[in-house]
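**Student:** Supplied in structure tokens, the structure appears directly below.
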Amino acid sequence: MERGTLSLRALMLLLVGAVALPLTLLAGLGVWQAHEQAWARAESEALGQARLLAAAVDREFDRLEVGLRALANSTALAEGRLDGVEAEMRALSSQLDGTPIGLVKAGGPQLVSTVWPPGERRPEATIPPAVVGSLASGRAEISDLITSHNTGRQVIAVVMPVPPPAPDGRPGPVPPTHAFAAALPPGWLATALRRPAGAEAEAPIVTVIDRTGRIVARSRGEAELLGRAVRPAFLDRLHGAAEGIFTNAATYEGESARFAFARAPRSGFTVALALAEADLQAPLQEALGRVGLLAAGILAAGAALAAWLAARIARMLRRLGAADASRPLLREVDELAGAIAARDRAIQRLAESERRFRALGAAGALVLWRGDAGGGILEAEGWETLTGQPDTALRGDGWLTMLHPADRNSTVAVWGAARSAGSPVDVEYRVRTRAGDWHWVRARGVPVGDGDALEWVGVVEDVHERRLAALALAERQERLRLAVEAARLNTWEYEPPSDRGTRAARVEEALVAPEGSGFRLADWIASVHPEDRAAAEEQLRSLIEGRSAAFRAEFRVRRRPPAEGWAWIATYGAAVERDPATGQALRLAGVSQDVTERREAEQRRTLLMREVDHRAKNVLAVVQSVLRLTRRDDPARFATAVEARVAALARAHTLLAEAGWAGAELRELAGRELAGCPARMEGPRLTIAAAAVQPLAMVLHELAANAAKHGAATRPEGRIALTWRLEGDRLLLAWTEQGGPPVQAPARQGFGSRMIEAIVRNQLGGTLEMRWLAAGLDCRISLPAARVVAGEEASPVPAATP
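The sequence shown begins at 790 in the numbering used here and counts up one residue at a time.
Structure below.
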């Protein structure tokens, strides 16, 4: 061996390393990319859970506010009966697991508390600080975590002000005179954080933080951390954003984590979920370790194989004696490789020649024919057996009479063109057989000789079965094409061994998808939405590897510009051909379909179910208030009043359902509530927002009920006018009665008047003015358009000028 020349063993070891090391790097890169995708999915799911838990926190406060609002409309409170108010407060407290509830008078002491013994009054009791702000603003308030002045424990106060009836002729809102306050222990919110039975033990740590940054509930270690302020750096990341993800943080238990957070819109409290870094780092390290072990195994096996092959080749060269000791060993290897390649090429040519001769010997022909230079047939051995035409009749152009009329002209044209060009002829046509049937045959021939000695020789072969099969296949393919087009399907095929696929898409398809033919699996995966890629690829590989019998997946694909967004695609496939030895799929085929409309319909149905559930709960809360606050001294009148008010809610509910819970037209709403009243309605076409439909329906019902009992609707000549208009950012409604009996302001407010005032002022945020004129009731209502009117119709309108 010459100095400086590497040995054969060393070169083969280098070859093994050159192959194994890139494969190892690619495997490690694939593991890292899978790890990043897993983190992205975990963060997205955690953010979704944070939103749901934030909504659950607000629902807990909403449930409490419904009960406090019912107390605010209490008949006993309006009549000044504190014992009756205390009974209702204790009933609500028991329904809320003993939550303390107190009644406070504006500017005065605390009147009643469920913490005190029944019937006890403490004139010296002061107003809790959390109540002062609510009395000043006139709105329901939710406090941060505070210390209860009654129990000394940390609580969250929910305050509901009670506005008094407006004095006759006094416009504008009236400051509240009382307020109900509930002191929630932080553990009350922990119910929203509990995991369902069967959930994983190591669930993310969930923390609820108030607006000042103090912990009010936690799914782990709540007793030690309750009331503690979160770290300033943590609070800075929450500031100024409604929701988000941030990294490089740690839990109170010292675990490195990423946090997903969402802020509850009603209470302003923040829900944060901790995703432990260790939960996803461990699988990454384990996978990289496996890749390293596999790489080491491959290198060791490759090195052993290289050493064995090098030794074997060296022994062969020594036996041949063809190597010169003065020449490099690689030159010997090159000469040996050249000799082996030449031998293989010779063997291949011999095999091909044998196959051709074997095929020629096995091939049979129906007819052997010979023709002259002018195209006339001289002889055709076997023609008479096939067609029954005698040899004397077929000579020249006589054989053409046995061809199908539809094929005769085309056959003559092909035969003439071949003679003119001096090239081989190859044509298929139908002939009438001796049995009288039409039979497909193939005629082939070549020119032999030249000049006057030129003639044609050839054969006629039977292709009848092949042509029938081709026609049947074409018919089936056409039927399949029509069926696929009718079903708006796309078809696809994929060959895993070559990593090549084809797809046939509809002309009107407007999706960003791989090319029609020759695309790779990576091209198809790249067109899928990042969140859906892993699942779709796993299902496809399960089919390829034989772990499943069929492939079924739904995923998103981007729409082709100028369209925007993603379209949902459903695809189904199966293995058409598999390797009998390994079970690996050799060819897949399937169909795909755009199912965006179905998926969107499912989403709309889900949202509608949630909206119906929310509305039903609100209706039940209102019905509870109606049953509790309607006077019960006359059972018949009580039943009639309750039925009428529940019927008003039902009519509003029906109207919302007919409009798909998107709102209701004001004229239609008023028409249903004023049916049977001599009412005239006038105003522009307006759509009332879904949240305001039922409250406004109750207001109109109470006005109509009052007119039917005491007002214009009690006399045939009585008239009612309901008008509305948008002025500035307000919706103004006017209710005017004329022609009824003389009226005067009532000595005290009834339930209907209190309900109208509570709904207009507290629930709809508007103002109310009721004037008892000699001609009849004159009621003016002003509501914020942005809160009551739906959509763009709520845009400010210039106010009328005199």
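Ideal placement from N, C-alpha and C gives every residue a C-beta, glycine not left out. It should be emphasised that the depicted structure is a prediction, and the values quoted were computed from it without experimental measurement.
1. Rounded to whole angstroms, what's the CA-CA distance from W1313 to M1398? Just pull it up for me.
2. Excluding the 5 residues flanking P993 on each side, which residues of the same chain have their C-beta closer than 7 Å to its C-beta?
3. Between F1540, A1510 and A1261, which lies nearest to G1565 when the distance is taken from Cα to Cα?
4. Report yes if the CB atom of L1189 is closer than 7 Å to the CB atom of L1175, and no otherwise.
5. Sort A1451, A1493, A1480 and P1473 by Cα distance to R1461 and report the nearest one.
6. Taking C-beta to C-beta, are V951 and V997 nearer than 7 Å?
7. Ignoring anything shorter than 3 residues, give me the beta strand (DSSP E) runs that lie fully in the stretch 1212-1272, in order along the chain.
8. Starting from H967, trace the beta strand (DSSP E) both ways and give me its first and last residue.
9. Closest to I1166 by CA distance: which of R1255, E1173, G1187 and G1177 is it?
10. Which residue's Cα is closest to the Cα of G1529: I945, A876, D1567 and M1470?
11. Taking the beta carbon of W1097 as the centre, do at least 16 other beta carbons fall within 10 Å, making it buried, or is it exposed?
12. Below 8 Å on the Cβ atoms is my guess for D1251 versus V1230; work out the distance and round it to an integer in Å.
13. Could you tell me if E1353 is buried or exposed, where buried requires 16 or more neighbouring beta carbons within 10 angstroms of its beta carbon?
14. With a threshold of 8 Å on Cβ separation, who are the neighbours of A1039 within its own chain once the five nearest residues in sequence on each side are excluded?
15. For a test of the three-state rule: what should DSSP assign to A1441, helix, strand or coil?
16. Considering only DSSP beta bridges, list what N1037 is partnered with.
17. What are the residues that DSSP puts in a beta bridge with P950?
18. If you scan the stretch 1452-1492 from start to end, which runs of the beta strand (DSSP E) of 3 or more residues do you find wholly inside it?
19. According to DSSP, T1525 sits in a beta bridge with which residue or residues?
20. Could you check whether R1508 and A1502 sit closer than 7 Å to each other, using their CB atoms as the reference points?
21. Do V1216 and H1228 have their C-beta atoms closer together than 7 Å?
22. Quick check: the Cα distance between P906 and E875, rounded to an integer number of angstroms?
23. Would you tell me roughly how many angstroms separate the C-alpha atoms of V1201 and V1365, rounded to the nearest one?
24. Run through DSSP, which three-state label would V1578 get?
25. Mind checking W821: buried by the 16 CB within 10 Å criterion, or exposed?
26. A1325: buried (16+ other C-beta within 10 angstroms of its C-beta) or exposed?
27. Please go through the same chain and pick out, in chain order, the residues whose beta-carbon is closer than 7 Å to the beta-carbon of R1145, but skip the five residues on each side of it.
28. Check whether the stretch 808-820 and the stretch 995-1011 are in contact - that is, three or more C-beta pairs closer than 8 Å.
29. So, are the CB atoms of A970 and V920 less than 7 Å apart?
30. According to DSSP, which residues form a beta bridge with F1308?
31. Once the 5 residues before and after E854 are set aside, which same chain residues still bring their CB inside 7 Å of it?
32. Quick check on the burial criterion: 16 or more other C-beta atoms within 10 angstroms. Buried or exposed for E1526?
33. Which term fits L1262, buried or exposed, when burial requires 16 or more other beta carbons within 10 angstroms of its beta carbon?
34. Just grab the DSSP bridge partners of E1032 for me.
35. Is it true that the CB of S937 sits closer than 7 Å to the CB of Q972?
36. So, is H1442 buried or exposed, given that buried needs 16 or more other C-beta atoms within 10 angstroms?
**Tutor:** Put simply:
1. Locating residue 1313 in the sequence shown gives position 524, where the first residue counts as 1. Locating residue 1398 in the sequence shown gives position 609, where the first residue counts as 1. M1398 has its alpha-carbon roughly 36 Å from the corresponding atom of W1313.
2. Position 204 of the sequence shown, counted from the start, is the residue given in the question as residue 993. Same-chain partners within the cutoff: A835, L1062, A1063 and L1064.
3. Sequence index remark: in the sequence shown, residue 1565 carries index 776 (1-based). The option with the nearest alpha carbon to G1565 is A1510.
4. By 1-based counting over the sequence shown, the position of residue 1189 is 400. By 1-based counting over the sequence shown, the position of residue 1175 is 386. Result no, Cβ atoms of L1189 and L1175 do not sit closer than 7 Å.
5. Here residue 1461 refers to the residue found at position 672 of the sequence shown. The shortest Cα separation from R1461 among A1451, A1493, A1480 and P1473 belongs to A1493.
6. Counting from one through the sequence shown, the residue named residue 951 turns up at place 162. Counting from one through the sequence shown, the residue named residue 997 turns up at place 208. The Cβ atoms of V951 and V997 do not sit closer than 7 Å to each other.
7. If only complete runs of 3 or more residues are kept, the stretch 1212-1272 shows the beta strand (DSSP E) at 1214-1221, 1227-1237 and 1244-1251, in order along the chain.
8. For the purposes of this step, residue 967 is identified with residue 178 of the sequence shown, where counting begins at 1. Per DSSP, H967 is one residue of the beta strand (DSSP E) stretching across H967 to L973.
9. Residue 1166 sits at position 377 when you count from the first residue of the sequence shown. Between I1166 and the set R1255, E1173, G1187 and G1177, the nearest pair of CA atoms involves G1187.
10. As a working mapping, residue 1529 is identified with position 740 in the sequence shown. Checking every option, the nearest Cα to that of G1529 belongs to D1567.
11. What you label residue 1097 is simply residue 308 of the sequence shown in a count that begins at 1. So W1097 ends up on the exposed side.
12. Translated into positions along the sequence shown, residue 1251 becomes position 462. Translated into positions along the sequence shown, residue 1230 becomes position 441. D1251 to V1230, Cβ: 6 Å. Contact.
13. By 1-based counting over the sequence shown, the position of residue 1353 is 564. The residue is exposed, with fewer than 16 neighbouring Cβ atoms inside 10 Å.
14. In the sequence shown, counting from the first residue as 1, residue 1039 sits at position 250. If the five residues before and after A1039 are omitted, its C-beta is found closer than 8 Å to the C-beta atoms of S1045 and A1046, all from its own chain and listed in chain order.
15. Here the question's residue 1441 lines up with position 652 in the sequence shown. DSSP places A1441 in helix when its eight states are reduced to three.
16. Translated into positions along the sequence shown, residue 1037 becomes position 248. For N1037, DSSP assigns no beta-bridge partner whatsoever.
17. Looking up residue 950 in the sequence shown gives position 161. BP columns for P950 point to A968.
18. The DSSP assignment places complete beta strand (DSSP E) segments of no fewer than 3 residues inside the stretch 1452-1492 at 1468-1471, in order along the chain.
19. Sequence index remark: in the sequence shown, residue 1525 carries index 736 (1-based). Partner(s): A1510 and D1567.
20. Position 713 of the sequence shown, counted from the first residue, corresponds to residue 1502. Position 719 of the sequence shown, counted from the first residue, corresponds to residue 1508. Not in contact: A1502 and R1508 (Cβ atoms no closer than 7 Å).
21. Start at 1 with the first residue of the sequence shown, and residue 1216 comes out as number 427. Start at 1 with the first residue of the sequence shown, and residue 1228 comes out as number 439. Going by beta carbons, V1216 and H1228 fall outside the 7 Å limit.
22. Here residue 906 is taken as the residue at index 117 of the sequence shown, counted from 1. Here residue 875 is taken as the residue at index 86 of the sequence shown, counted from 1. Rounded to the nearest angstrom, the two C-alpha atoms are 11 Å apart.
23. As a working note, residue 1201 is residue 412 in the sequence shown. As a working note, residue 1365 is residue 576 in the sequence shown. If I take the Cα positions, the gap works out to 43 Å.
24. On the sequence shown, position 789 is the one that residue 1578 refers to. Here V1578 sits in strand by DSSP.
25. The residue given as residue 821 occupies position 32 in the sequence shown. Exposed.
26. Locating residue 1325 in the sequence shown gives position 536, where the first residue counts as 1. So A1325 counts as buried.
27. Indexing the sequence shown from 1 puts residue 1145 at position 356. Because the pLDDT of R1145 is 43, which lies under 50, any placement of that residue in the model is unreliable, and the question is left without a value.
28. The stretch 808-820 makes no contact with the stretch 995-1011, as fewer than three CB pairs between them are under 8 Å.
29. Against the sequence shown, residue 970 aligns to sequence position 181. Against the sequence shown, residue 920 aligns to sequence position 131. In contact: A970 and V920 (Cβ atoms closer than 7 Å).
30. Your numbering for residue 1308 matches position 519 in the sequence shown. Per DSSP, G1290.
31. One-based indexing of the sequence shown puts residue 854 at position 65. Shown here for E854: same chain residues with a beta carbon closer than 7 Å to its own, the five before and five after excluded, namely A929, V947 and M949 in chain order.
32. The residue given as residue 1526 occupies position 737 in the sequence shown. That one is buried.
33. For the purposes of this step, residue 1262 is identified with residue 473 of the sequence shown, where counting begins at 1. With fewer than 16 other Cβ atoms within 10 Å, it is exposed.
34. Within the sequence shown, the letter at position 243 stands for residue 1032. Bridge partners of E1032: A1051.
35. The residue labelled residue 972 in the question sits at position 183 within the sequence shown. The residue labelled residue 937 in the question sits at position 148 within the sequence shown. The amino acid occupying residue 972 in the given sequence is Ala; Gln does not appear at that position. In this structure, S937 lies closer than 7 Å to A972 by Cβ.
36. What you label residue 1442 is simply residue 653 of the sequence shown in a count that begins at 1. Burial call: buried.
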